[in-house]
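Notes for the one structure printed next.
Numbering (this note's numbering), first residue to last: 35 to 491.
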């Protein structure tokens, strides 16, 4: 795969040299665009942007608005991949305006979809939904089945991010039904992978494996190396969820080998992160830290700001699990600073939550509570139902430590109610907290607490 891409790159570079000698702006723009796309696929975003800018300059000199709109799209995607979300939105907006001017409704739909993805990556789910629905409406108007399917799937992903797994599954199956009437194998692969992930989140590992295997089979049949790597990564996550660490590591290694052979640098970083998680699960924190640092190093090298923020967060968890609270706080704070700078609301909330846990572990319950409240505020604002339940549950743990048992119990009940409605496997954890509360209070006092609550309505 790498050799084929390398030959393709050499061929394009030779064609670019010839077109520049001839002063052929259109061909220079077209070839530079293809070179930029190749570099983008491999995670070399700096080189990608260099050639995409060349493509844009040549298209501008030629006055080719249609080609300019395509280049704006790819420049937006490159910035999006790096975590430069504001810049990405600017370029997708430029592509959108050109598509509108040219009367290209399919292009308008795709630009709306891309802007939705950027807002989704930031955790700004309401804005993402607005753009996805705009894209879907246009796709229905133009009768574009591929974009209709993509629209339903992306709206489903937002519901997944918010913790509404049943709604997400309904939309994913809607997307699947539409996709099966087309020849879009890449879209089918994505949908099967997404359905597999949703079943994993609901705790149904058997169905999760079934759909992930379907996605993997399509990826292998179509030589989709990125899809193969993602498939093995997802199987690894399912095995890890079951506690089958060696099987998970085997899948992650297959994913890593595939990504490395394909020269997919961002996916290599993702594989290192997952291998780190497996070692963390085994309690081998030193090895986990080593892999997280490898992933972080790649993210820094390719300029992936969102990946850097995520890398510091994972390192923080590893240090925290090893009892190194000082390094954990430092990493979470670094992650938080980057997330705030790039406007990644979801990561900001996640870091507040983790900072709450580490301060709770240190016995600083006031600070822990303050961080949980901050995380809770963001989760409520963006409609992250699962995030609300997680933070409410942790507030309950603080109340329990402070012997404010009524408040603790009510917080646990709130979290339990949300997790039960979502069909989340976290239900078991909340039941365990309530059992722990019962043991701490003693069964008689706990029963009196229940009676008092019932008497007070």
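Where a beta carbon is used, it is the ideal one built from N, C-alpha and C, also for glycine.
Inter-residue spacing [alpha-carbon to alpha-carbon] between residue i and residue j
{"i": "residue 165", "j": "residue 119", "result": "15 Å"}
{"i": "residue 297", "j": "residue 78", "result": "10 Å"}
{"i": "residue 322", "j": "residue 356", "result": "10 Å"}
{"i": "residue 301", "j": "residue 263", "result": "8 Å"}
{"i": "residue 179", "j": "residue 213", "result": "7 Å"}
{"i": "residue 490", "j": "residue 477", "result": "20 Å"}
{"i": "residue 353", "j": "residue 364", "result": "10 Å"}
{"i": "residue 127", "j": "residue 145", "result": "7 Å"}
{"i": "residue 35", "j": "residue 389", "result": "Note on residue 35: pLDDT 44, under 50, position unreliable in the model; the coordinate value appears next. Roughly 43 Å between the two C-alpha positions."}
{"i": "residue 175", "j": "residue 416", "result": "29 Å"}
{"i": "residue 168", "j": "residue 458", "result": "30 Å"}
{"i": "residue 349", "j": "residue 358", "result": "11 Å"}
{"i": "residue 474", "j": "residue 461", "result": "20 Å"}
{"i": "residue 422", "j": "residue 97", "result": "51 Å"}
{"i": "residue 182", "j": "residue 202", "result": "15 Å"}
{"i": "residue 488", "j": "residue 444", "result": "12 Å"}
{"i": "residue 307", "j": "residue 316", "result": "14 Å"}
{"i": "residue 482", "j": "residue 438", "result": "14 Å"}
{"i": "residue 261", "j": "residue 366", "result": "31 Å"}
{"i": "residue 314", "j": "residue 39", "result": "36 Å"}
{"i": "residue 456", "j": "residue 259", "result": "33 Å"}
{"i": "residue 410", "j": "residue 383", "result": "8 Å"}
Residues near residue i by beta carbon distance below 7 Å, same chain, minus five either side
{"i": "residue 303", "result": "329, 332, 333, 341"}
{"i": "residue 100", "result": "136"}
{"i": "residue 65", "result": "46, 49, 50, 53"}
{"i": "residue 464", "result": "427, 446, 449, 450, 453"}
{"i": "residue 123", "result": "149, 152"}
{"i": "residue 42", "result": "72"}
{"i": "residue 225", "result": "187, 206, 209, 210, 213"}
{"i": "residue 248", "result": "226"}
{"i": "residue 294", "result": "302"}
{"i": "residue 116", "result": "79, 337, 338, 339"}
{"i": "residue 368", "result": "346"}
{"i": "residue 142", "result": "130, 133, 134, 172"}
{"i": "residue 414", "result": "422"}
Where residue i falls: helix, strand or coil (DSSP)
{"i": "residue 238", "result": "coil"}
{"i": "residue 458", "result": "coil"}
{"i": "residue 397", "result": "coil"}
{"i": "residue 215", "result": "coil"}
{"i": "residue 118", "result": "coil"}
{"i": "residue 408", "result": "helix"}
{"i": "residue 479", "result": "helix"}
{"i": "residue 80", "result": "helix"}
{"i": "residue 473", "result": "helix"}
{"i": "residue 256", "result": "coil"}
{"i": "residue 35", "result": "Bear in mind that the predicted position of residue 35 carries a pLDDT of just 44, short of 50, making it unreliable; the figure below should be weighed with that in mind. Looking at residue 35 - three-state DSSP - the assignment turns out to be coil, as it is neither helix nor strand."}
{"i": "residue 510", "result": "What is shown of the chain runs 35 to 491, which leaves residue 510 out entirely."}
{"i": "residue 436", "result": "coil"}
{"i": "residue 177", "result": "coil"}
{"i": "residue 196", "result": "coil"}
{"i": "residue 418", "result": "coil"}
{"i": "residue 227", "result": "helix"}
{"i": "residue 157", "result": "coil"}
{"i": "residue 350", "result": "helix"}
{"i": "residue 147", "result": "helix"}
{"i": "residue 141", "result": "helix"}
{"i": "residue 385", "result": "helix"}
{"i": "residue 490", "result": "coil"}
Own chain residues within Cβ distance below 6 Å of residue i, not counting five before or after
{"i": "residue 112", "result": "74, 79, 82, 83"}
{"i": "residue 107", "result": "129"}
{"i": "residue 484", "result": "none"}
{"i": "residue 470", "result": "none"}
{"i": "residue 156", "result": "119, 377, 378, 379"}
{"i": "residue 69", "result": "46, 85"}
{"i": "residue 480", "result": "472"}
{"i": "residue 109", "result": "86, 125"}
{"i": "residue 63", "result": "89, 92, 93, 101"}
Best match in the options for proximity to residue i [C-alpha to C-alpha]
{"i": "residue 217", "options": "256, 247, 293", "result": "256"}
{"i": "residue 468", "options": "197, 441, 421", "result": "441"}
{"i": "residue 189", "options": "430, 147, 250", "result": "147"}
{"i": "residue 493", "options": "385, 121, 362, 157", "result": "Limits of the chain in this structure are 35 at one end and 491 at the other, which puts residue 493 out of reach."}
{"i": "residue 90", "options": "60, 327, 311, 402", "result": "60"}
{"i": "residue 327", "options": "345, 222, 314", "result": "345"}
{"i": "residue 251", "options": "227, 160, 241", "result": "227"}
{"i": "residue 393", "options": "200, 170, 361", "result": "361"}
{"i": "residue 223", "options": "233, 234, 254", "result": "254"}
Close Cβ partners of residue i (< 8 Å) along its chain, the five nearest in sequence each way excluded
{"i": "residue 309", "result": "283, 286, 287, 290, 325"}
{"i": "residue 207", "result": "229"}
{"i": "residue 193", "result": "199, 201, 202, 205"}
Unbroken stretches of the alpha helix (DSSP H), 4 residues or longer, contained in the stretch 260-340: 279-296, 299-316, 319-336
Which parts of the stretch 355-382 are runs of the alpha helix (DSSP H), unbroken and 4 residues or longer, counting only runs that do not cross its ends? 359-376
If you scan the stretch 58-109 from start to end, which runs of the alpha helix (DSSP H) of 4 or more residues do you find wholly inside it? 59-75, 79-96
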